[in-house]
Amino acid sequence: MSAKMAKKWQRKVKFLMSDNSTTTAKFPYKEPFISKPADDDLTKQWVVEYGIWSKKKQCIVRKRVVLSGNTVAQRLADAKEIIAELKRILKKGEAYVDEVEPTQAKNKKNPKVDPPPTRSSRVKHGSVSKILILEAIDQFMSFKEKTTKPNTIMTYRTHVNTLLKYLKRHQLQKKALVNFTDADALHFLDEATTVERLGNRSRNNARDAIFTLFEHFRKRKHIEVNPFKEIGKLSFRRYKHMPYTFEQRDQIKQFCLETNQHQLLLFISFIYYGFMRPHGEVSKLKVKDLRERTIAIDADNAKDIEAEHIQIPPGLEKLIDEYQLRSYPPEAYLFTKTGQPGSKHVDKLYFYRRHRKILAKLGFTDKRFDLYGWKHTGVIALWVATQNIRLIQRQCRHSNAQQTEEYLRDLGIIVKDTDIDKFPDF
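Position 217, counted from 1, in the sequence shown is what the UniProt record's numbering calls 217; the numbers after and before it change by one each time, with no gaps.
The following block contains the structure:
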């Protein structure tokens, strides 16, 4: 806490104290302590809590000082300083609330006492809340470019461009972020559908992206309310990639073997066994990513910013050994146009076109059948074999079991607890 801020905070806590030096009252109190998230999440609220005597209520009331430092260390340091100051004041037994400040009492009949001090109050009333929406967009994108993988940046840029076009269309480029209301948010999303002609799914994605933008600044106290918070999503078919039935799986596999499409079949196998995305992850795998029992998905290619690991099932391990993939140089990409690991990975459409030709020859006319559908097919196969939601959660790299259960439900799988039937009799 800066010296200037400390003095300002101490001036505010003087409102808690009586100026009657002759008083012998000893007001009870509760020791101040820090209340924070167990995981030190800075997006959640950190406070110093304490109990102080209320003359009006004739009991101890709870008060809080909000901590809003930008780092864990800063918040802990501020908390330590605030707790020490509160203890010094409270231990005297002279501190209380609901009393008129003496100098104000001479001039005002019913003066208003300042509220308990909050370390974020300077932000709410400062100049930062006047940031223009265009400036906010630039700051948000700069932040995301440093913290998010390239594919996600492209997604954000797409939806931000939709917002920029809306602002230009209505001459709102000079609008302050804090003045962008829930009515503006709803109007923007309405025009995303009517003017930009986005489908329900894309409109929902735009809503989520711009919600994240505003949430970024709400957490930093530039705005108090996210205007997109109360806007719901439109219904749509969640998965546009159709899973294959086991019969269709065997049919396509047999056709690949008969027509010597071995590399394509290997590519499909990595999607099927590893629950990985075709272009974003499988096509960019390197030999060094094949560990002894897991596959490491590089942070640049993974869904999240950190590198992730998935287990190698026996069926995939057999193929890795058969093609001797671990024997190639560590930096070699597994899938190249030469058919063997090499220095340049295949482009986005290389296997897509070959796969599409096979589907056409086999009579698959529904365009929802594609390479990505093999991921869903693998998930269904593992569920049928194990009904182990935790295993699928780990292999899908989902953050929690609820996300996995919702994903399975969208694939037509209802998760039921059948183990309860094994409960022994009393």
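Cβ atoms here follow ideal geometry from the backbone N, Cα and C, with glycine treated the same way.
Bear in mind that the values here come from a model prediction, so they are computed numbers and not experimental data.
Pair within 7 Å by beta-carbon distance, residue i and residue j
i    : j    : result
F351 : L264 : yes
A84  : V48  : no
A185 : F217 : no
I271 : W383 : no
P28  : W53  : yes
R397 : E292 : no
E145 : I153 : yes
L177 : I133 : yes
H241 : Y372 : yes
Q395 : F246 : no
K91  : I60  : no
G93  : K44  : no
I131 : H222 : yes
Y273 : P313 : yes
7 Å Cβ shell around residue i - same chain, five flanking residues per side excluded
i    : result
L290 : I320, L325 and R326
V287 : L325, R326, Y328, P329, P330, A332, L334 and P341
I389 : A401, T404, E405 and V415
L408 : W383 and V415
R249 : T377
K357 : none
R119 : Confidence in R119 is poor, its pLDDT being 35 and thus under 50, which makes the residue's placement unreliable; the coordinate value appears in the next sentence. The residues are V65, V66, L67, S68 and D78.
P116 : Residue placement at P116 is flagged as unreliable, the pLDDT there being 42, under the threshold of 50; the coordinate-derived value follows with that caveat. Closer than 7 Å at the Cβ level, and outside the excluded window around P116, lie K63, R64 and V65.
L266 : L319 and Y323
E215 : N226
I210 : H159, L163 and F228
I231 : A185, L186, L189 and R207
Q311 : R293, T294 and Q395
K253 : L265
R368 : K240, H241 and M242
Burial state of residue i, where buried means 16 or more other Cβ atoms lie within 10 Å
i    : result
A192 : buried
S235 : exposed
E135 : exposed
Q58  : exposed
R75  : buried
V282 : buried
P37  : exposed
V195 : exposed
C163 : Reading off the sequence, residue 163 comes out as Leu, not Cys. Classification of L163: buried, given that the 10 Å Cβ count is 16 or more.
P150 : exposed
Q393 : buried
S35  : exposed
S269 : buried
Q171 : exposed
F143 : exposed
V72  : exposed
G213 : Note that residue 213 corresponds to Leu in the displayed sequence, not to Gly. The residue in question, L213, is buried, as its Cβ has 16 or more Cβ neighbours within 10 Å.
R277 : buried
D39  : exposed
F140 : buried
L362 : exposed
F426 : exposed
Identity of the residues DSSP links to residue i by a beta bridge
i    : result
T64  : The amino acid at residue 64 is misidentified as Thr; the sequence shows Arg. DSSP lists E49 as partners of R64.
C59  : S54
K286 : Y333
A176 : L132
Bounding residues of the beta strand (DSSP E) (the contiguous stretch that carries residue i)
i    : result
Q311 : E308 to Q311
A296 : T294 to I297
P32  : Y29 to S35
Endpoints, the alpha helix (DSSP H) within which residue i is located
i    : result
I131 : Segment: none, I131 is in no alpha helix (DSSP H) and carries neither H nor E.
H216 : N200 to K219
S269 : H262 to G274
L362 : No alpha helix (DSSP H) holds L362; DSSP gives it neither H nor E.
V379 : G373 to T386
R277 : Element bounds for R277: n/a, residue is neither H nor E.
E331 : Note, E331: premise wrong, no alpha helix (DSSP H); not H, not E.
A347 : Checking the displayed sequence, the identity of residue 347 turns out to be Asp instead of Ala. First-last for D347: undefined, no H or E at that position.
E258 : F246 to E258
P314 : P314 to E322
D410 : A401 to D410
D40  : Per DSSP, D40 belongs to no alpha helix (DSSP H) and is neither H nor E.
L85  : Position check: residue 85 holds Glu in this sequence, whereas Leu was assumed. Here the alpha helix (DSSP H) through E85 covers V72 to L90.
R390 : I389 to C396
T193 : D182 to T194
Cut-off 8 Å between Cβ atoms - residues of its own chain near residue i, not counting five sequence neighbours on either side
i    : result
K344 : Y333, T336 and K337
Q261 : F255, R354 and I358
K422 : none
Any non-hydrogen atom of the ligand HEM closer than 6 Å to residue i Cβ
i    : result
L234 : Of ligands this structure carries none, so the ligand HEM is not represented either.
Contacting residues, own chain, Cβ-Cβ under 6 Å from residue i (five flanking each side not counted)
i           : result
residue 427 : The displayed coordinates of the chain run from 1 to 426. Any statement about residue 427 would go beyond what the structure contains.
K175        : I133
A206        : H159, T162 and A192
T148        : none
K233        : N204
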